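Asks: So the sequence shown is numbered by the working numbering: it starts at 451 and just counts up by one.
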Amino acid sequence: MNPTALRIATLTAALFAAAAVHAAEPAPAAKGADLTCHAGAYRLDDGRAVALGRTDDASALRWRLLDGRTGKLVSAPGSKDGALVGTVGWTQRADTTKVELGSCDDGIVFDGHRGDRLKFDIVDTTFEGAGVKLRGRLVLPAGQDKVPVVVLVHGSENYSGVDGYFQQYLFPSEGVGVFVYDKRGTGGSSGKYTQNFHELSDDAGAALREALRVGDGRVGKIGYLGGSQGGWVAPLAASKTPQADFVEVGFGLADGVLAEDRDQVVLDLRAAGFGDAATLRKARELTDATGLIASTTGKRGWKELDAARAKYRKEPWWKAVKGEYSGLIANHTPAEIAAEFAKYDFEVSWDYDPMPVLRTLKTPQLWIVGGDDVEAPSDETQKRLTELGKAGRPITSVVFPQADHGILEFEKDAKGERRHTRIAEGYLRMQLDWIKRGTLDGWPYGAARQLAGPK
Numbered sequence: 451m452n453p454t455a456l457r458i459a460t461l462t463a464a465l466f467a468a469a470a471v472h473a474a475e476p477a478p479a480a481k482g483a484d485l486t487c488h489a490g491a492y493r494l495d496d497g498r499a500v501a502l503g504r505t506d507d508a509s510a511l512r513w514r515l516l517d518g519r520t521g522k523l524v525s526a527p528g529s530k531d532g533a534l535v536g537t538v539g540w541t542q543r544a545d546t547t548k549v550e551l552g553s554c555d556d557g558i559v560f561d562g563h564r565g566d567r568l569k570f571d572i573v574d575t576t577f578e579g580a581g582v583k584l585r586g587r588l589v590l591p592a593g594q595d596k597v598p599v600v601v602l603v604h605g606s607e608n609y610s611g612v613d614g615y616f617q618q619y620l621f622p623s624e625g626v627g628v629f630v631y632d633k634r635g636t637g638g639s640s641g642k643y644t645q646n647f648h649e650l651s652d653d654a655g656a657a658l659r660e661a662l663r664v665g666d667g668r669v670g671k672i673g674y675l676g677g678s679q680g681g682w683v684a685p686l687a688a689s690k691t692p693q694a695d696f697v698e699v700g701f702g703l704a705d706g707v708l709a710e711d712r713d714q715v716v717l718d719l720r721a722a723g724f725g726d727a728a729t730l731r732k733a734r735e736l737t738d739a740t741g742l743i744a745s746t747t748g749k750r751g752w753k754e755l756d757a758a759r760a761k762y763r764k765e766p767w768w769k770a771v772k773g774e775y776s777g778l779i780a781n782h783t784p785a786e787i788a789a790e791f792a793k794y795d796f797e798v799s800w801d802y803d804p805m806p807v808l809r810t811l812k813t814p815q816l817w818i819v820g821g822d823d824v825e826a827p828s829d830e831t832q833k834r835l836t837e838l839g840k841a842g843r844p845i846t847s848v849v850f851p852q853a854d855h856g857i858l859e860f861e862k863d864a865k866g867e868r869r870h871t872r873i874a875e876g877y878l879r880m881q882l883d884w885i886k887r888g889t890l891d892g893w894p895y896g897a898a899r900q901l902a903g904p905k
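What follows is the structure, given as structure tokens:
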């Protein structure tokens, strides 16, 4: 986003990778019919499964296929025959994929194929987290067989995972159970919303134990899947949870919290033609100062920022700095920034270093990063994961070279802004293969390239 007053107002809320399991939706049109009763998974007559998931607009649904294609469906305002309008991915470009919905209990017609709703074994529950009550849900394929189960670990989003996460529909259709829960302070869970990784990892551990309890003997192997900020939380949770058999991380960082803004600034400068080593060294002085300001909620760092301003503010590269927050802090007064910090108290774990956990965790891990991720730039993470793999740690790491945050493919509009078109081919199938078998034996996975780990 551009550095505007609104962006400042959401400074702390946006810090660190709002989980792009879901990219931002275009603004909804006028309200149509309520479509939420259609949320679920459907088996098409050609064998594929399609998941219909809820959005923040009751008159809209999002469909997803295992191959990563996705689109948004909106009930046409004023329509009496249930007509739907579709758009591609998270763009506003019209989609030719035709979807027809019957009544709430009926099947669907998806792109010319009849689909019947799949029935799952679902248990809704409430359980104790670390001093809070959390709302959870276990979704298993119907039957009596044991199945692998994945616990979904949140990113930094502040909405209900139980209501919003699509994996609870798509993964059970492929033989994998899902335990989803509302993080503290969201949805049906008590407590205060936080970005304290230690508290969140304790909650994730409680969620895994609750999945085992309510699974009633049907849970086979079990582990965590964390996206974005969940990439810090899920391995930490596994280090405290001996029952965890695996960890999957999507588009997370194997670096500290301050790295995201710092590396975003590097991308900003390179994109603007200021990628020389001397300029990047100067910019590092700026991001060291703004990082100190952010991590102390404005209590420290202003002296260092004043020094950087005095030396560099008139240089041409200064105006190209945006980052997660550096461009904002650098160009506003302490009073302006302090007023915004005062509105938020999310207890971000600014000092958390993931490397001690990653160097010692014995639980097998799969890390999947985007090579063109502008929200959580992955170059340093790729280097660290490769080194950890070579050192013999149980880490398999993979990069989708052209993927953005969320492992999303994108196109650019006339202004150069990214519009996400789909989940990268192979990403979801890779996650499922690794949950089921602990190996990636289905190559190729789209354009993915393995960095480290057994082939």
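For every residue, glycine included, the Cβ atom is placed at its ideal position computed from N, Cα and C. Note that the structure is predicted; figures quoted are calculated from it, not measured.
For my contact list, Gln645 and Gln679 are in at a C-beta cut-off of 8 Å; report their separation, rounded to the angstrom.
Replies: Along the sequence shown, read from residue 1 onward, the residue named residue 645 stands at position 195. Along the sequence shown, read from residue 1 onward, the residue named residue 679 stands at position 229. Their Cβ separation, rounded to whole angstroms, is 7 Å, which keeps Gln645 and Gln679 in contact under 8 Å.
Asks: Report the three-state DSSP secondary structure of Trp540 (helix, strand or coil).
Replies: Residue numbering aside, residue 540 sits at position 90 when the sequence shown is read from its first letter. In the structure shown, Trp540 sits in coil (DSSP, three-state: anything other than H, G, I, E or B).
Asks: Below 8 Å on the Cβ atoms is my contact criterion, and I expect Phe600 with Gly673 to pass it. Report the Cβ-Cβ distance as a whole number of Å.
Replies: As a first step, residue 600 must be located in the sequence shown, where it is residue number 150. As a first step, residue 673 must be located in the sequence shown, where it is residue number 223. Checking the sequence, you will find Val at residue 600 rather than Phe. With a Cβ gap of about 6 Å, Val600 and Gly673 count as contacting.
Asks: Could you pull out every residue in the same chain whose Cβ sits closer than 8 Å to the Cβ of Cys487, ignoring the five residues on either side in sequence?
Replies: Translated into the one-based positions of the sequence shown, residue 487 becomes position 37. Same-chain partners within the cutoff: Cys554.
Asks: Helix, strand or coil: how does DSSP classify Gln852 here?
Replies: If you number the sequence shown from 1, residue 852 lands on position 402. It is coil, neither helix nor strand.
Asks: Indicate the three-state DSSP secondary structure (helix, strand or coil) for Ser745 in the structure shown.
Replies: Counting from 1 along the sequence shown, the entry for residue 745 is found at position 295. In this structure, Ser745 counts as helix in the three-state DSSP scheme.
Asks: So which of Asp506, Phe860, Ile787 has the shortest CA-CA distance to Arg750?
Replies: Position 300 of the sequence shown, counted from the start, is the residue given in the question as residue 750. Looking at the Cα atoms, Ile787 is the closest of the given residues.
Asks: Taking only runs of the alpha helix (DSSP H) that begin and end inside the segment 607 to 682, which ones reach a length of at least 4 residues, in chain order?
Replies: With a minimum length of 4 residues, the continuous alpha helix (DSSP H) runs that stay inside the segment 607 to 682 are 611 to 614, 617 to 620, 647 to 665.
Asks: Pick helix, strand or coil for Thr547, following the three-state DSSP scheme.
Replies: Counted from its first residue, the sequence shown places residue 547 at position 97. Thr547: coil per DSSP, three-state reduction.
Asks: On the premise that Ala526 lies in contact with Asp514, defined as a C-beta separation below 8 Å, what is that separation, rounded to the nearest angstrom?
Replies: Position 64 of the sequence shown, counting from 1, holds the residue named residue 514. Position 76 of the sequence shown, counting from 1, holds the residue named residue 526. The sequence given here places Arg at residue 514; Asp does not occur at that position. With a Cβ gap of about 21 Å, Arg514 and Ala526 do not count as contacting.
Asks: Name the residue from Asp695, Asp561, Pro766 whose alpha carbon lies nearest to the alpha carbon of Gly670.
Replies: Translated into positions along the sequence shown, residue 670 becomes position 220. Among Asp695, Asp561, Pro766, the Cα nearest to that of Gly670 is on Asp695.
Asks: In the structure shown, what three-state DSSP assignment does Gln693 receive?
Replies: For the purposes of this step, residue 693 is taken as the residue at position 243 of the sequence shown. Correct three-state label for Gln693: coil.
Asks: Run the CB neighbour count on Arg587, radius 10 Å, all protein chains shown included, and call it buried at 16 or more, exposed below.
Replies: Position 137 of the sequence shown, counted from the first residue, corresponds to residue 587. That one is buried.
Asks: Where does Asp756 sit, in a helix, a strand or coil, going by DSSP?
Replies: Locating residue 756 in the sequence shown gives position 306, where the first residue counts as 1. Reduced to three states, the DSSP call for Asp756 is helix.
Asks: Taking a contact to mean a Cβ-Cβ separation below 7 Å, would you say Val819 touches Thr836 in this structure?
Replies: Along the sequence shown, read from residue 1 onward, the residue named residue 819 stands at position 369. Along the sequence shown, read from residue 1 onward, the residue named residue 836 stands at position 386. No, they are not a contact pair.
Asks: Given 8 Å as the limit, is there contact between the segment 771 to 784 and the segment 613 to 633, that is, 3 or more CB pairs closer than that?
Replies: In short, these stretches do not touch, since the Cβ pair count stays below three.
Asks: Consult DSSP for Ile458 and reduce its assignment to one of helix, strand or coil.
Replies: Here the question's residue 458 lines up with position 8 in the sequence shown. Model confidence at Ile458 stands at a pLDDT of 37, short of 50, so the residue's coordinates are unreliable; what they give is reported in the following sentence. Looking at Ile458 - three-state DSSP - the assignment turns out to be helix.
Asks: Could you compute how far the alpha carbon of Lys596 sits from the alpha carbon of Ala770?
Replies: Taking the first residue of the sequence shown as 1, we reach residue 596 at position 146. Taking the first residue of the sequence shown as 1, we reach residue 770 at position 320. Lys596 and Ala770: Cα-Cα distance of roughly 54 Å.
Asks: Output needed for Ile743: all residues of its chain with C-beta closer than 6 Å, excluding positions within five of it in sequence on either side, in chain order.
Replies: The residue given as residue 743 occupies position 293 in the sequence shown. Within the same chain, Ile743 has close Cβ partners Gly751, Ile779.
Asks: Considering only DSSP beta bridges, list what Trp817 is partnered with.
Replies: For the purposes of this step, residue 817 is identified with residue 367 of the sequence shown, where counting begins at 1. Looking at the DSSP assignment, Trp817 forms a beta bridge with Val699, Ser847.
Asks: Roughly how many angstroms lie between the CA atoms of Thr505 and Arg564, to the nearest whole one?
Replies: Working through the sequence shown from its first residue, we reach residue 505 at position 55. Working through the sequence shown from its first residue, we reach residue 564 at position 114. So the alpha carbons of these two residues sit roughly 23 Å apart.
Asks: In the DSSP assignment, the beta strand (DSSP E) including Ala510 goes from what residue to what residue?
Replies: Taking the first residue of the sequence shown as 1, we reach residue 510 at position 60. It spans 510 to 515 - the beta strand (DSSP E) in which Ala510 sits, taken as one unbroken run.
Asks: From which residue to which residue does the beta strand (DSSP E) around Leu502 run?
Replies: Within the sequence shown, residue 502 is the residue found at index 52, counting from 1. Taken as a continuous stretch (DSSP letters only), the beta strand (DSSP E) holding Leu502 covers 499 to 504.
Asks: Going by the beta-carbon positions, is the gap between Gly906 and Gly903 smaller than 7 Å?
Replies: Because residue 906 is not part of the residues shown, which for the chain are 451 to 905, the question remains open.
Asks: Run the CB neighbour count on Trp893, radius 10 Å, all protein chains shown included, and call it buried at 16 or more, exposed below.
Replies: Here residue 893 refers to the residue found at position 443 of the sequence shown. Exposed, by the Cβ-count rule.
Asks: Could you tell me if Thr537 is buried or exposed, where buried requires 16 or more neighbouring beta carbons within 10 angstroms of its beta carbon?
Replies: As a position in the sequence shown, residue 537 is number 87, starting the count at 1. Looking at its Cβ environment, which holds 16 or more other Cβ atoms inside 10 Å, Thr537 is buried.
Asks: Taking DSSP as the reference, what is the three-state secondary structure of Glu710?
Replies: Mapped onto the sequence shown, residue 710 falls at position 260. Helix.
Asks: Could you tell me which of Gly665, Ser745, Val535, Ser651 sits nearest to Trp800, measuring between CA atoms?
Replies: The residue given as residue 800 occupies position 350 in the sequence shown. Measuring from the Cα of Trp800, the nearest candidate turns out to be Ser745.
Asks: What span of residues does the alpha helix (DSSP H) with Gly839 cover, start to end?
Replies: Indexing the sequence shown from 1 puts residue 839 at position 389. Unbroken alpha helix (DSSP H) run through Gly839: 829 to 840.
Asks: Out of Val807, Gly581, Val798, which one is the CA nearest neighbour of Val707?
Replies: For the purposes of this step, residue 707 is identified with residue 257 of the sequence shown, where counting begins at 1. Considering only alpha carbons, the answer is Val798.
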